[in-house]
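Numbering (our numbering), first residue to last: 44 to 653. Every residue, glycine too, gets a C-beta built ideally from N, C-alpha and C. These numbers were taken from a predicted model, which means no experiment stands behind them. Notes follow once the structure below has been shown.
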């Protein structure tokens, strides 16, 4: 009775049975089936509609992959992180856009050149990479370039020049790809080129391009180590050294030891008196070369820094010393543009004017001529060492014409290291590993063929094929006191000097004066004077002493007049070389110093006596 009053499904079911379906439930099930069929039909219709739209789309609006790659920005100064071109950031649609049938406007995205959506490459990246790949040497050429340097004397020097010319080409191509200049003119070395190559080339081409790049890198490292190994480990590679002084500015470089340090205590204040405010770096070769007390005295001077060159140059197997340190000091100084000055050289004017010289501006390398002394024809020697074609500058040199065996004087060298980096590397090597000969072993060194470092500069430039240099047009001369004519005689005792052996042999010769020069004046002193373009004294070397090599008391010289060497070639010559680097010059006339020049000379002498 009570059970008949309960709802139909409130009674417990017997095991294995279920409730019967009600009529209401049957109605709901039928409606669900109808709805499902409706959704299915609608989906089929939509699919057909979308398929129709896809096949009617104009595929010509899709840019070719090569065209997209070609339109990539190549702004070298705004390199960003590498990003894949197929990744984009979603953008919201505006209210009036048809969200159902809008088609991506790829061409408009190309016009926007979004740096967030596409990789950027250094300016000229394609050309630099293609050129680098095109000059990779074949196996035969590579083996020839990397074999040890053999021979000696002219033969080895010529081979060194040929390989350095090849190295310069490979090195320039490498730097073109890796050195990046920014908007603010700062420069840095790119060392992430693998990522760039990966982004640049397809998956299929990337391995081959990477293999070529890494083969080139290995080859260049091997050639660098063969030719110029002594820059490591102070600098990781030559590109790092080169880039280090791009923003080095201008400065003056000296080399000195304890013997010549007192000279610089006069020279540097004299430069400041002339208005020269350039920073100065003094290079020395360890504590045994320049003592701590000497370094302290020099660094007390304004704008002076002393630097230990021996810590920078790896001279294993040879020894860096003496004159030979000049090109190394220039190369390893922090400056980009350098005026190198010998410790015993003094200026009449601010040396900064040399940076404004028209020949320096044009070439980036300014050298000075030596005395026109000791005629010697070295044409055949130059032909043996210099690769062809031989430049016009060489064929006009004194060594080629036979006027003198001495062309350059290295008391002052002005050079833009950025423009002439590889040439400086070679000049340094000529004064380093290949400098000294060995008669017992049959080895002919550079210093056996030329006198010291001085000729290695312009000859090194020529060996590399770098003909962008100039010799200052100012004349050379002498300064001192005109000799008493009563004590002069056309017959003069001369000393023939074998410069390579440093042995002087006495001989008596008559100096045959050219017609019209029988009454020449003569000045004798160790000072070699260089005149400016205005024919006024510019600078001189040999310091102020009558004999700077004197072991006892040194005497300051007397400087009343100066004289320039004759323009014509005399026989045996206007210059007469005597002992202790004393030279006598004869010419028709001597010239007086201006009052200003006299006053400055007086100040120099006062400073030297302090």
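In the DSSP assignment, what are the bridge partners of residue i?
i           : result
residue 567 : 627
residue 327 : 351
residue 503 : Residue 503 is not bridged to any residue.
residue 223 : 231
residue 519 : 573
residue 486 : 481
residue 339 : According to DSSP, residue 339 bridges with nothing at all.
residue 513 : 409
residue 580 : 574
residue 384 : 455
Less than 8 Å between the beta carbons of residue i and residue j, yes or no?
i           : j           : result
residue 576 : residue 517 : yes
residue 604 : residue 525 : yes
residue 375 : residue 341 : no
residue 470 : residue 500 : yes
residue 608 : residue 587 : no
residue 652 : residue 566 : no
residue 454 : residue 302 : no
residue 202 : residue 196 : no
residue 391 : residue 569 : no
residue 286 : residue 236 : no
residue 379 : residue 288 : yes
residue 506 : residue 207 : yes
residue 294 : residue 321 : yes
residue 602 : residue 564 : no
residue 307 : residue 647 : no
residue 300 : residue 333 : yes
residue 410 : residue 512 : yes
residue 460 : residue 381 : yes
residue 493 : residue 372 : no
residue 269 : residue 185 : no
residue 266 : residue 174 : no
residue 337 : residue 304 : yes
residue 491 : residue 480 : yes
residue 606 : residue 630 : yes
residue 368 : residue 310 : no
residue 319 : residue 394 : yes
residue 434 : residue 510 : yes
residue 356 : residue 282 : no
residue 465 : residue 407 : no
Are the C-beta of residue i and some C-beta of chain B separated by less than 8 Å?
i           : result
residue 267 : Among the chains of the structure shown, chain B does not appear; only one protein chain is present.
Run through DSSP, which three-state label would residue i get?
i           : result
residue 641 : helix
residue 396 : helix
residue 459 : strand
residue 498 : coil
residue 653 : coil
residue 188 : helix
residue 378 : coil
residue 160 : For residue 160, the predicted structure reports a pLDDT of 43, less than 50, and the residue's modelled location is therefore unreliable. A value from the coordinates is still provided. Coil at residue 160, not helix or strand.
residue 373 : helix
residue 312 : helix
residue 180 : coil
residue 453 : strand
residue 465 : helix
residue 635 : strand
residue 525 : strand
residue 472 : helix
residue 364 : coil
residue 202 : helix
residue 358 : coil
residue 197 : helix
Residue ranges of each alpha helix (DSSP H) run of no fewer than 4 residues wholly in the region 583–628, ordered along the chain? none
Report the residue ranges of all alpha helix (DSSP H) runs contained in full by the region 231–307; include only those spanning at least 4 residues, in chain order. 236–243, 249–270, 281–287
Three or more C-beta pairs under 8 Å: does that hold for the region 248–266 against the region 176–196? yes
Complete alpha helix (DSSP H) runs within the region 387–451 (minimum length 4 residues, chain order): 401–406, 422–428, 435–438, 441–444
Cβ pair count under 8 Å reaching 3, the region 167–174 against the region 393–403: no
Inter-stretch contact at 8 Å, needing at least 3 Cβ pairs: the region 267–276 / the region 464–484: yes
Does the region 482–489 come within contact of the region 411–419, defined as at least 3 CB pairs closer than 8 Å? no
Would you say the region 431–447 touches the region 325–340, given that touching needs at least three Cβ pairs under 8 Å? no
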